[in-house]
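Written out below as structure tokens is the structure these notes cover.
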Amino acid sequence: MLRWIRQQLGFDPPHQSETRTIYVANRFPQHGHYVPQRFADNRIISSKYTIWNFVPKNLFEQFRRIANFYFLIIFLVQLMIDTPTSPVTSGLPLFFVITVTAIKQGYEDWLRHKADNEVNGAPVFVVRSGSLVQTRSKNIRVGDIVRVAKDETFPVDLVLLSSDREDGTCHITTASLDGETNLKTHYSVAETAVCQSVSQLEALQAVVECQQPEADLYRFVGRITVTQHGEEIVRPLGPENLLLRGARLKNTKEIFGVAVYTGMESKMALNYKCKSQKRSAVEKSMNTFLIIYLGILLFEAILSTILKYAWQAEDKWDEPFYNQKTEQERNSSPILKFISDFLAFLVLYNFIIPISLYVTVEMQKFLGSFFIGWDLDLYHEESDQKAQVNTSDLNEELGQVEYVFTDKTGTLTENEMHFRECSINGTKYREVNGKLIPEGMTDDSPDGSTPHLIGDELLFVKAVSLCHTVQISYDQPDCLVGGGDPFSHANGFSSTHMEYYASSPDEKALVEAAKRIGVAFTCCNGDTMEIKTFGKSERYKLLHVLEFDANRRRMSVILQTPSGGTVLFTKGAESAILPFATGGEIEKTRLHVDEFALKGLRTLVVACRHFSPEEYDDVDRRLNAARTALQQREERLQEAFSYIERDLQLLGATGVEDKLQDKVQETIEALRLAGIKVWVLTGDKHETAVSVSLSCGHFHRTMNILELLQQRSDNECAEQLRILARRIKEDHVIQHGLVVDGASLSLALREHEKLFMEVCKNCSAVLCCRMAPLQKAKVVRLLKTSPEKPITLAIGDGANDVSMIQEAHVGIGIMGKEGRQAVRNSDYAIARFKFLAKLLLVHGHFYYIRIATLVQYFFYKNVCFITPQFLYQFFCLFSQQTLYDSVYLTLYNICFTSLPILVYSLFEQLVHPHVLQNKPGLYRDISKNSLLSFRTFLYWTLLGFCHAFVFFFGSYILMGEDTTLMGNGQMFGNWTFGTLVFTVMVITVTLKLALETHFWTWMNHFVTWGSIAFYFIFSLFYGGIIWPFLHTQDMYFVFVQLLSSGSAWFAIIIIVITCLFPDVVKKVFYRHLQPTSTQKSQSLSATQTQALSCVESLCCYQHGQSGCSRLAHLLEQITGQCQASTNHCHTSNRSNRSWSDTENFYSNDRTILTLSPIEATHC
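For the sequence shown, the working numbering assigns the number 12 to the initial residue and increments by one for each residue that follows.
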């Protein structure tokens, strides 16, 4: 505990050195002075609270909210001074809000504790005292040798010592870490790989030195020193030797590894990232309104206090005969009395600040988020994935998006690669039926014959087949025998039994294409790679792999050929290969690469380099020196790679097609019609990106494409930007699209941000290519922080999109083939880009309208609630007498008016969903937070004040002159007056919400009429019985007496009608004279919704006719959706709707806007 405190204060940093030393099997040195290092235990803690700190920590977090803290102060004031209302009136709602939130957060944390206990208590096997011992995961210490069996997950970060294979390799999947499902090979050093039994491991003398824990999953720097026969052997350790916690062992019986990072120091735990809290525009507006209402509250309290003293300036009011002051009151300080009276008025009026607004908004967001997951239109049947909500705080922000930033590969495209063309030694080839056919020739070879590749062609295909990190998995794992070599072809496997796994879809597509052509990659066994060239086996020794990285944009392998020579094969982007090529058809290949890119193909360039024995010795020495370095390893490796990957002989280039996703064009067009600008940010070369932008509709063929490419200096970039700005002004009639590359973007953002933004904002579409991940985030931040402060949305599917997703106001992850990092770091996750249209145009529209009305209505009903209390002070000499009973004060927001607005905010639909999708322009009606503008806020506030005046003075006019409303002449008192005002108020504010409701469900009816009924029933019980636990009961028989008066009933009806009738007139007037496009669509959907729903459910069946076919045909003819003469559903040119043969039909629309009239389709 003392050490923890010292660490928190900074006196005892947990890791004082840059490296840690781990003695394998905790065999510490016996000689010399050795001080053991302290390491974390292996417990994973994802929970926030413990039993001991839950109450104080949770209360501290909740009272950081301004509204909660404000009500706590009011409650304390009520306890300390004599106030007109009971402390219960503010204490009970505060207690309710705090309790509900605490229960929700406590339950979520209990689930986290439960998950932690399952993980920490999982059984594991460790080597201790010469035997295999079973223990719990939380008991593993750094230095323990751990055994992991097939299909088990690694309980700690381990350095691989040995496996059941002779070469000491194993295969793992890291799907839970980065989402990649391909098999990855990890290696042990040769000196420990032979230790395959417990006894051998017990005798192993080894020390691991490595860096201190860091979050980067793909970086590990260390070395292992093995002592054999008194001699120390040092071997480098890298990411390929480290098995990460959370990864799973595959295709390997068992492995042994030494624990290097445990518990919260493991890489998986260090990647538990608390994302920065995103706040929606609605929440910001809500806080602004709260401050305004706080100002109104202070004004009313100060005014009442001043008027009280002005009134009491006369002696007859200051000390009337019936209320003589005590000696203490006469001698008390005037300043203290003024403060006390001010605080008393503050308490009296404090309900104008709605504390229950926060809890209602939280419940609405939490419950409303389930609708996204339940929406069958957002369910992708092929991958069995439904939409996912990671945070419910931003639901309404989906209805405010102005800019969409999207990745290209895997987001707009399928990320399913198909080999289409290649260029070999300056000649273009295409694949036809598994054969490479030169350009201009046809496939005229007889069936069954396979033309043999010769010379450059064969070398190129071999390079493609060998330069990769693809793994092989077999369909028949039980056949994997033969000394741990599952890939040995001697075991009788044929190529038809194997499947390739690759971290990059491009690599997989190229290896599969090479196999179809006749050069099949068949085996990767440790340091051996085997290919079959037209049935003839060739074995290559894998000497080194130069891994791909984003800076080099290429990867290489160094192989020893069957003839004994040494060759380097490399592949990568043309900008990363061509500058280093010294031989081959460079210019022709460059032209072919540009042609491939214009067709929308993804391009890679392939090259080779042959080493003499002396050159290879130099290369080997440099690589080993760089890989064993503990300091600046990455920099030294980059230097070595640059030295090796030069003087290349160009072999050719490949063109791989990445198919567009379904309905991408329609979705982008729908977003554009909704007033949303779409920016595509991609790492691809600009020709490929432009081609895809044109094919997906991001750029139109008629659009004027402006380019900001290959700028070399600030001055050149600024001049080009000015030229583009002038062109836009001169051709302001036509639409413009802008293409910018990463290098030019860096220059533009450095000195000419404003000019660049001016050009971008005047363009309908922007395409940024050759973008690094951080550049994507910079572009989003640039738009986000511009003077207009637009709401931004970023959507992507890969780890390179995470920074962009986290930077945008709303981040959406695509459940694609590039892992789950984007999904894990996003606010929402969907399976396909086409689902974005419904997510924004329908769900976003609904969420925004619901919560905007919820916020406005809450302030309205609280103004209605507390203004009569303020007006009442003018009639009671500002004596702080309360108008309402304390129970009514407490329950108004909690019970009487809470449920109707909650149900409204969950189910309200201004327009039918299919109308919103078919008319994306309706999205513009709610843009720029229009429903929470100051004008709208002012309308609701003034409406509240007006209704409050009618409540109060309507009741006053009725009872002010003659309070004998009973037939027997009995008079009413102030509690009856207050109850009449309260009754009228509850009915009016409930019916006001009913007037605002367009979409009625049985739940709306139940809570609307049920709330009014509950108020009457509760009041009858509360006032009709003498409750023994209440020391005063001012309301006894008041409500019963009030309702027994016909005049009171008449007053209630008249006042409610007086309040609501102008609202009805205003709605009718505006709807007919100045209707918005939303209101026009409401009248359209009102007449067609039932018909469309019936047509969708009755007309469109694949087999036969439904039982209601006559009605269906009648409705089809009315709506123009089907022709009377056929049994087929047709689409009308007006609505442009289509259904596919395979699509299921639900009560709402499953289509997205179609651009052009579609031919009639069978249902």
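For every residue, glycine included, the Cβ atom is placed at its ideal position computed from N, Cα and C.
How should residue i be labelled, buried or exposed, when 16 other C-beta atoms within 10 angstroms of its C-beta is the threshold for buried?
i, result
"R31", "buried"
"Q1085", "exposed"
"G955", "buried"
"R11", "Look at the range of the chain in this structure, 12 to 1174, and you will see that residue 11 is not part of it."
"S1088", "exposed"
"V232", "buried"
"N726", "exposed"
"W1011", "exposed"
"F881", "buried"
"I1068", "exposed"
"D628", "exposed"
"L90", "exposed"
"F1061", "exposed"
"M782", "buried"
So what's residue i in DSSP terms, helix, strand or just coil?
i, result
"T238", "strand"
"T947", "helix"
"C2", "Any answer about residue 2 is impossible in this case: the structure gives the chain only from 12 up to 1174."
"S1136", "Residue placement at S1136 cannot be trusted, given a pLDDT of 36 that sits under 50; what the coordinates show is reported in the next sentence. Here S1136 sits in coil by DSSP."
"V153", "coil"
"E225", "coil"
"N64", "coil"
"N401", "coil"
"E450", "coil"
"K1177", "The structure shown does not extend to residue 1177, since the chain is modelled only from 12 to 1174, so the question has no answer here."
"Y512", "strand"
"T639", "coil"
"G748", "strand"
Our contact map puts residue i next to residue j with C-beta atoms below 8 Å; I'd like the distance itself, whole angstroms only.
i, j, result
"R657", "F591", "5 Å"
"S296", "L943", "4 Å"
"R565", "A587", "4 Å"
"L662", "L470", "6 Å"
"L423", "L447", "Wrong, their Cβ atoms sit about 30 Å apart, outside the cutoff."
"A788", "M815", "5 Å"
"R152", "N37", "7 Å"
"R259", "I156", "Contact flag wrong, Cβ pair sits at about 20 Å."
Pull the bridge partners of residue i from the DSSP assignment, please.
i, result
"R158", "F136, F267"
"M91", "Per DSSP, none; premise fails for M91."
"I823", "I806, Y839"
"K543", "A531, S548"
"S1088", "Its beta-bridge partners do not exist; DSSP assigns none."
"T32", "E220"
"S173", "F267"
"A592", "L659"
With C-beta atoms as the reference, is residue i less than 9 Å away from residue j?
i, j, result
"T1001", "T893", "no"
"L254", "V137", "no"
"Y390", "Q396", "yes"
"R176", "T263", "yes"
"C206", "L248", "no"
"V751", "E730", "no"
"I806", "F857", "no"
"F356", "A312", "yes"
"A270", "I33", "yes"
"F652", "L557", "yes"
"L354", "I92", "yes"
"S1092", "L933", "yes"
"S101", "F869", "no"
"F580", "A664", "no"
"I266", "S174", "yes"
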